[in-house]
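What follows is a single structure, written as C-alpha cells, with notes after it.
2 protein chains.
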Amino acid sequence: MSPRNAFYAQSGGVTAVINASACGVIETARLHADRIGAVYAGRNGIIGALTEDLIDTGQESADAIAALRHTPAGAFGSCRYKLKSLDQNRAEYERLIEVFRAHDIGYFFYNGGGDSADTCLKVSQLSATLGYPLQAIHVPKTVDNDLPITDCCPGFGSVAKYVAVSIREAGFDVASMSRTSTKVFVLEVMGRHAGWIAAAGGLAAQKAGDAPHIILFPEIPFDEAAFLTRTEECVKKYGYCAVVVSEGVRNAEGKFLADAGTRDAFGHAQLGGVGPVVAQLVKEKLGYKYHWAVADYLQRAARHIASKVDVEQAYAMGKAAVDFAMQGHNAVMPTIVRTSQKPYRWKVGMAPLEKVANVEKMLPRDYITPDGFHITAKGRRYLAPLIQGEDYPPYKDGLPQYVTLRNKPVRKKLKTAFVV
Amino acid sequence: MSPRNAFYAQSGGVTAVINASACGVIETARLHADRIGAVYAGRNGIIGALTEDLIDTGQESADAIAALRHTPAGAFGSCRYKLKSLDQNRAEYERLIEVFRAHDIGYFFYNGGGDSADTCLKVSQLSATLGYPLQAIHVPKTVDNDLPITDCCPGFGSVAKYVAVSIREAGFDVASMSRTSTKVFVLEVMGRHAGWIAAAGGLAAQKAGDAPHIILFPEIPFDEAAFLTRTEECVKKYGYCAVVVSEGVRNAEGKFLADAGTRDAFGHAQLGGVGPVVAQLVKEKLGYKYHWAVADYLQRAARHIASKVDVEQAYAMGKAAVDFAMQGHNAVMPTIVRTSQKPYRWKVGMAPLEKVANVEKMLPRDYITPDGFHITAKGRRYLAPLIQGEDYPPYKDGLPQYVTLRNKPVRKKLKTAFVV
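Line by line, the protein sequences are chains F and D.
The opening residue of the first sequence carries number 1 in the numbering used here; numbering runs sequentially from there.
The opening residue of the second sequence carries number 421 in the numbering used here; numbering runs sequentially from there.
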C-alpha cells in the first residue's frame, strides 16, 4: 500500500493553542512516512481546499513545525466559512472530493468547533457515497468549550487562564485605588452563547472579597436591580467591585445588553460592547467612578499566558487524530476524558462524529450560584484543572518568538476554478 | 543618634511594579535598624498621613515583603489626591509635619509621578521652614514615563511589554482570520498626554508587515484621510491592519477623539473610548469588518508579563531612596541612567527634586516617523531595552500568587482628626 497524502485545515475563530494541534498532526504524520505522504494544509481553512490553494507543510523544517506548539492563532490561516447542508450545496462537497482526489488525499483532518465537526462528518459520508476512500477525523478546538462528549475543548483552558489572571490583576489595581478613584471595574469577555469563559473568571476569587465579585452570565437574564444592589454591597464591604461580564448577557426580553443600549445621533447602535453599557449603568444609578476593559482578541491570542494543560491537550488531540487514522478510524473525533479529579488526570478518548455534530454543551446551571452572580464549588472543581500550569513561549528582545511559516503553495492540478 | 522612623506612601495610578519599589524601600530600611526604626506606610497614600492612618510594615514577615516584588498594584493603597500649593493650603502640609512629628518620622519616601515629586519637594521645604528635621526622597513611578532627568520611569517598561506582546498576539490572530473575517483590529492603550505607551506597541513590528501597522499618537493630530488611506493600503498589502491608538489622540481642533464622537439619544457622550471610535470610522468609510480591544487597567496591572528590567529598576529605585537617605541626602530622587546602549546597561543616578517637579518629559518628535504613524529606529533604540527579560511571579493552581499584606494600623497619637 503506497502512502497517501493528508489534508489539514483550521476552521473558525483561532485560539492560543490551535497551532499546537497542528503541530501534533504534522509531527505525528511525519512519523508515519510509510503510510502518510505529504501533509497539505488548506490556506485559510476549508477555502484552501475548495480553491485548491494548498500549502505544502513538507517545506517547513522540523524546528518551524515544533515552534507551532508555542505560536498562537492559525499558522495556515483559518476562515469563517460554513459549508451548507449536502442538500443545499452538494457542489461544495463534491468539489472537496475532486480536490482531494487530484492530490491523492487519503486523510482529512479538520480542526475546529461544532460546525466543522458537522462538515467533517458530511465529507466522510459523501466520500463513501462517491466511492472515494477517505478517513475524516475532526480535531476539537474552540474557546467556547461547547463541544459535547469531550470533557473540555482545546483553546478554552488558555482563555480561561487569561481571564482569571487578568481579573485578579485588575482587582488588585482597583482595590488599591478605590479610596479616591475607581470603585467599579468591568471586564468584558467572550462567550456569545454560553458563559464558560465568564465562569472561568470566577477562579480568581479564592476567598471572600477577592475579585471578581460579580459574574454576569448569558445563561442568567440580567436583573438590573439585583445587580446594582450587589454592586453597592461589594463597594460598601470591600471598597470596590470587580465584575466579569460575558458579551452574551441578555436582558429579561432576551435582547443582548450590548445591543439594548442607546443609539447615537446617526442612529448607529452603540459602538461599545456590553462592558461599557454595564459600567455606565453603575455610574448612572450608583454614581460610582468606573473603568472598563474589553479583552476581545487579546484573550484568545494570549499564548504568553497559555495554560500548560491546554497546550498539552491541544497537541494530544492533533497526535491522536493521526493515530486514529493509522488505526483505520473514520468520522471520529479524539476527546479529552477526565479520569481523576484530584490529582487531575486525563486521557484521550474517541467520539463518533454523528454524536458531536450540531450538539452544543451548555454551562450547567449548577455551576452557577443560585443568585446567578458567581460560580459554585462544583463549577470550580470542573474549571480549576483546565488552567493549571504555565507553558511560556521562548522570548527574544523581550518579545515572544512566534513562528511565521513559509506556507509554500502546492502546484495546482485542476484546470477548474472554484469561487467561494 | 537614636533611630528615627520612616514613612512610605504610594501615589497616583498604580503599576505592575510599584510594589517592587516598596519592597526595595522596606528591605533596605530593615538593613539599617540602627538608624531607621519602624517603616510606616500611608494607608491609601498621602491620605493615610493626613488622617494619621498609618500601617506598621514591621508586622509583615520578610516573606510577605519579599512577595511585594512580584505583586502588582499598591499593597498599602494609593490615591489620586494632589496637595494644593503651599499658598493655597498650607494647613495640609503643616498637618503632614504634625503627623510626622507625632510618630517621629525622619524619612519621607514618596513613590509617585510628577505631582508627588512636587509634593515631596514642598514637604521638604516646609520641614526646613518649621525647623522639623526630615529627609524627603521621591521614588519615581509612572506608567506615563514622563518624569524628567531619569532615562525611564519604573512602571513604564512593563506596560510597554504588555502592549507590545498583546498587539503581536492579536496581530497573529487577525492575520489568520482576515480572509473571511476581521480585517482591522484596534487596540486602545493608555497615555492621555504623551504617546510613550502607544510607541512601545511599535516594538512588536520587527519587519515589514508585522503588527502594528499603524500607531496613533497624542502628539500627532489625527488626520482621518491619511489614516484611512494607510489602513486601506495595509489591508491590500498584508490582508489586515493592526492599529494601536493612544487614548489621548486628538483631532486637528485639539479635541480628544474619544470625546469628539457622537452622543447617544440621551445626550450622553459616547460610552466607548477612542478604540471603538476609530474602529467604527474604518467600518463606515472603508467597510472593513473590525474588532477592538480596550486594555484599560489590564495593561498596568499585568505583573504576569512584567519586564524584568522594569522590575529590577523599580526595586533599585526603592533601595536607592533609602541609601540616599542614609547618605544624608534630602529633596532628591533616584534616577535611572543609561550607561550603555548595546548591551543595555544602566546605573542609579540622583536628581534634585526642584529639577523634577512640574516638568513633563514628552515623546520626542524624532521617535515618531515623519508620516506620524510609527516609531523610528531612534525611538526603537530607546524603547527596546525597557521591555527586556521576563520576571514571572510564582503560580499556584494556575494563578499568580500575589500577596495581600496584613496592613495593621499604627496606634494613633493625635487627638485631632483631619478631613480630606
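Backbone N, C-alpha and C define an ideal beta-carbon position, used for all residues, glycine too.
Contact between the region 805 to 823 of chain D and the region 487 to 499 of chain D is present: three or more C-beta pairs spanning the two stretches fall below 8 Å. Listed in chain order, the positions of the region 563 to 589 of chain D with a beta carbon within less than 8 Å of a beta carbon of chain F are Lys581, Ala584, Val585, Ser586, Arg588, Glu589.
Neighbourhood of Thr600/D in chain F, by CB distance below 9 Å: Asn44, Gly45, Ile47, Ser78, Cys79, Arg80, Tyr81, Val420, in chain order. For Ile26/F, DSSP records no beta bridge to any residue. Uninterrupted alpha helix (DSSP H) stretches at least 4 residues long and entirely within the region 580 to 666 of chain D occur at 616 to 621, 644 to 658, given in chain order. Among the CB atoms of chain F, none fall inside 8 Å of the CB of Asp538/D. In this structure, the alpha-carbon of Ala482/D lies about 15 Å from that of Ser441/D.
Shown here for Arg80/F: same chain residues with a beta carbon closer than 7 Å to its own, the five before and five after excluded, namely Gly12 in chain order.
Gly131/F carries a coil assignment under DSSP once its states are collapsed to helix, strand and coil. Leu383/F and Leu203/F have their alpha carbons spaced roughly 8 Å apart.
Taking a C-beta cut-off of 9 Å against chain F, the contacting residues of the region 708 to 736 of chain D are His711, Trp712, Ala713, Val714, Ala715, Asp716, Tyr717, Leu718, Gln719, Arg720, Ala721, Ala722, Arg723, His724, Ile725, Ser727, Lys728, Val729, listed in chain order.
The C-beta of Gly398/F comes closer than 8 Å to at least one C-beta of chain D. With respect to Gly532/D, Asp564/D sits apart: the two C-beta atoms are not nearer than 8 Å. Exposure of Arg345/F is indicated by the presence of fewer than 16 other C-beta atoms within 10 angstroms of its C-beta.
Interface annotation, Pro72/F: in contact with chain D, CB-CB separation under 8 Å. Taking C-beta atoms as the reference points, Val278/F and Val243/F count as a pair closer than 8 Å. Listed along chain D, no residue sits closer than 7 Å to Gly379/F by beta-carbon distance, the nearest being about 15 Å off.
Secondary structure at Thr404/F: coil, using DSSP grouped into helix, strand and coil. Counting the other Cβ atoms within 10 Å of the Cβ of Leu31/F gives fewer than 16, which makes it exposed. One finds nothing in chain D with a Cβ atom closer than 9 Å to the Cβ of Ala102/F; even the nearest lies about 22 Å away. According to the DSSP assignment, Arg35/F belongs to no beta strand (DSSP E), since it is labelled neither H nor E.
Glu639/D and Val332/F have their alpha carbons spaced roughly 56 Å apart.
DSSP links Asn509/D through a beta bridge to no other residue. Look at Tyr81/F here: in three-state DSSP terms it is coil, with no helix or strand label. In chain order, Asn425, Ala426, Phe427, Tyr428, Leu474, Ile475, Asp476, Thr477, His523, Ile525, Val830 place their CB closer than 8 Å to the CB of Tyr460/D, counting only its own chain and leaving out the 5 sequence neighbours on each side. Apart from the 5 residues on each side of it in sequence, Asn19/F sits with its Cβ closer than 6 Å to the Cβ of Leu68, Thr71, Ala75 in its chain, given in chain order.
Bounds of the alpha helix (DSSP H) holding Gln299/F are 297 to 301.
Burial check for Lys581/D: the Cβ neighbour count within 10 Å reaches 16 or more, so the residue is buried. Annotation: Leu701/D is outside any beta strand (DSSP E); the continuous alpha helix (DSSP H) that includes it extends over 694 to 706.
Leu718/D is positioned such that its CB atom lies closer than 8 Å to that of Glu169/F.
Annotation for Met350/F: the continuous beta strand (DSSP E) segment containing it runs 345 to 352.
Contact annotation: in the region 423 to 434 of chain D, residues whose CB is within less than 8 Å of a CB in chain F are Gln430, Gly433, Val434. By the Cβ rule, the region 739 to 749 of chain D counts as touching the region 554 to 562 of chain D, because three or more pairs are nearer than 8 Å. DSSP, read as helix, strand or coil, puts Leu383/F in helix. Excluding the 5 residues flanking it on each side, Arg35/F has same chain C-beta neighbours closer than 8 Å at Met1, Pro3, Arg4, Met326, in chain order. As the crow flies, the alpha-carbon of Val322/F is around 34 Å from that of Ile587/D.
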